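Down below is the structure, laid out as structure tokens.
Structure representation (structure tokens):
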């Protein structure tokens with residue numbers, strides 16, 4: 004029997020027809036596909052300091068002066084003497100939210116470090132002791148490397164992203180005296196480039212390579228975007244302008260006891276008739292509480308300024324009864340709080356006596 008065109012199967016007949024189904028309401032919270040990472044792995048990438056780190060290789064412990072450019076798994080320790088933080092996209096590390104530009108030194112040499120962070124910056128401060136693990140050291144003496152000629156090595160690190168990189172911030176008191184010796188210091192010789200603050204202000208800042216001033220903190224100036232810290236030595240005092248993340252360290256500085264060794268301080272020209280001030284440039288290094296003889300002397304000198312003997316006259320024994328003057332009803336020795344209460348009272352009586360005070364600062 005001959006098949007007609009109507010009896011011949013069509014291509015569509017080999018496929019099942021789709022049955023139209025009424026629109027279904029979409030779920031209120033559709034499940035999103037994951038990226039394959041666990042919560043612990045994501046937290047480790049964002050906050051690498053909190054993650055357990057088990058390196059797969061052996062790291063050689065070296066001083067900074069022993070580091071040489073090239074691939075090599077090394078670990079070293081040092082204190083921060085320069086710190087700036089920059090936010091924004093970097094084409095070399097597109098996953099980074101920013102980076103810290105650090106200069107770290109031990110007792111032998113210094114190194115530049117570009118430390119990337121994925122989300123929040125690290126809690127870094129001037130003077131902090133850190134330990135670093137990295138698998139590559141770069142040559143900082145090449146063009147575009149370090150701005151300081153004496154620093155010849157550097158490294159780029161991204162803990163959490165690069166499994167070979169890691170850092171540790173030391174907070175225990177047992178490491179307080181580690182890496183405190185200034186660079187180029189020898190016990191039998193004076194520190195090269197060290198000058199008094201007065202000498203630096205009166206020409207020492209002009210053209211002197213590697214100039215150093217040793218100062219004590221007088222007042223911290225508060226914490227703002229720019230902070231003017233007043234520092235002094237036995238010859239003069241000056242304002243030191245601190246900015247960027249270096250301001251975070253000021254909360255740990257104490258007036259009259261914190262000593263700063265400032266290498267290559269920046270000089271800020273003053274207005275007509277005023278004294279110039281000090282600042283922080285890209286080449287400035289700040290050692291906090293350095294350990295050498297001149298720093299010990301300045302600390303004792305600053306401490307002595309706060310312990311000067313009282314200039315208040317003693318009670319003459321032949322005129323006043325000392326016991327009555329100090330403890331009696333009508334006393335002659337008053338505290339500032341007592342005088343404040345008396346002068347604010349409605350009926351202020353007339354009285355004569357002594358106050359025993361120390362003048363900390365005077366401006367005429």
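Numbering (my numbering), first residue to last: 4 to 367. Ideal Cβ positions, reconstructed from N, Cα and C, are used throughout, including at glycine. Owing to the predicted nature of the structure, the values given are computational and were not obtained by experimental measurement.
Asked: In whole angstroms, what separates the C-alpha of residue 288 from that of residue 106?; Found: 8 Å
Asked: Quick one: Cα of residue 170 to Cα of residue 252, how far?; Found: 19 Å
Asked: Between 309, 84 and 122, which lies nearest to residue 102 when the distance is taken from Cα to Cα?; Found: 122
Asked: Indicate the three-state DSSP secondary structure (helix, strand or coil) for residue 69 in the structure shown.; Found: helix
Asked: If you count every other CB in all the chains shown that lies within 10 Å of the CB of residue 175, and 16 or more means buried, which is it?; Found: exposed
Asked: Quick check: the segment 123 to 131 against the segment 149 to 158, are at least 3 beta-carbon pairs closer than 8 Å?; Found: no
Asked: Could you pull out every residue in the same chain whose Cβ sits closer than 7 Å to the Cβ of residue 86, ignoring the five residues on either side in sequence?; Found: 103, 105, 127, 129, 248 and 249
Asked: Spatial neighbours of residue 141 within its chain, please: CB distance less than 8 Å, with the 5 preceding and 5 following residues excluded, ordered by chain position.; Found: 72, 148, 156, 157, 158 and 159
Asked: Near residue 111, which residues of its chain fall below 7 Å by C-beta distance, leaving aside the five closest residues on each side in sequence?; Found: 66, 67 and 68
Asked: Closest to residue 161 by C-alpha separation, out of 144, 184, 268 and 136, would be which residue?; Found: 136
Asked: What are the uninterrupted segments assigned as alpha helix (DSSP H) that are 4 or more residues long and contained completely in the segment 105 to 144, given in chain order?; Found: none
Asked: Hey, how far is the Cα of residue 271 from the Cα of residue 243?; Found: 10 Å
Asked: Using the beta-carbon count (16 or more within 10 Å), is residue 268 buried or exposed?; Found: buried
Asked: Does the distance from the CB of residue 264 to the CB of residue 246 come in under 7 Å?; Found: no
Asked: Go to residue 231, then tell me how far its beta strand (DSSP E) extends in each direction, as first and last residue.; Found: 229 to 235
Asked: What is the rounded straight-line gap between the Cα of residue 234 and the Cα of residue 241?; Found: 6 Å
Asked: Quick check on residue 209: buried or exposed, where buried means 16 or more other Cβ atoms within 10 Å of its Cβ?; Found: exposed
Asked: Count the other CB atoms, across all protein chains shown, that sit within 10 Å of the CB of residue 108; report buried if there are 16 or more and exposed otherwise.; Found: buried
Asked: Is residue 301 closer than 7 Å to residue 217 when the C-beta atoms are compared?; Found: yes
Asked: Taking DSSP as the reference, what is the three-state secondary structure of residue 297?; Found: helix
Asked: Less than 7 Å between the C-beta atoms of residue 113 and residue 154, yes or no?; Found: yes
Asked: Tell me which residue opens and which closes the alpha helix (DSSP H) that residue 346 is part of.; Found: 339 to 347
Asked: Closest to residue 364 by C-alpha separation, out of 199, 346 and 308, would be which residue?; Found: 308
Asked: Using the three-state DSSP reduction, which class does residue 168 fall into: helix, strand or coil?; Found: coil
Asked: Would you tell me roughly how many angstroms separate the C-alpha atoms of residue 339 and residue 255, rounded to the nearest one?; Found: 30 Å
Asked: Please tell me whether residue 221 and residue 196 are closer than 7 Å, where the distance is taken between their beta carbons.; Found: no
Asked: For the beta strand (DSSP E) containing residue 155, name the first residue and the last one.; Found: From DSSP, residue 155 is part of no beta strand (DSSP E); its letter is neither H nor E.
Asked: Are residue 132 and residue 192 close, meaning C-beta to C-beta below 7 Å?; Found: no
Asked: Roughly how many angstroms lie between the CA atoms of residue 168 and residue 361, to the nearest whole one?; Found: 54 Å
Asked: Can you list, in chain order, the residues of its chain with a C-beta nearer than 6 Å to that of residue 201? Leave out the 5 residues immediately preceding and following it.; Found: 238 and 239
Asked: Classify residue 223: buried if its beta carbon has 16 or more other beta carbons within 10 angstroms, exposed otherwise.; Found: buried
Asked: List the endpoints of the continuous beta strand (DSSP E) containing residue 263.; Found: 262 to 266
Asked: With DSSP as the reference, label residue 248 as helix, strand or coil.; Found: helix
Asked: Going by DSSP, what residue range makes up the beta strand (DSSP E) through residue 188?; Found: No beta strand (DSSP E) contains residue 188, which DSSP labels as neither H nor E.
Asked: Within the continuous beta strand (DSSP E) that includes residue 441, where are the two ends?; Found: Lying outside 4 to 367, the shown extent of the chain, residue 441 is not represented and no answer is given.
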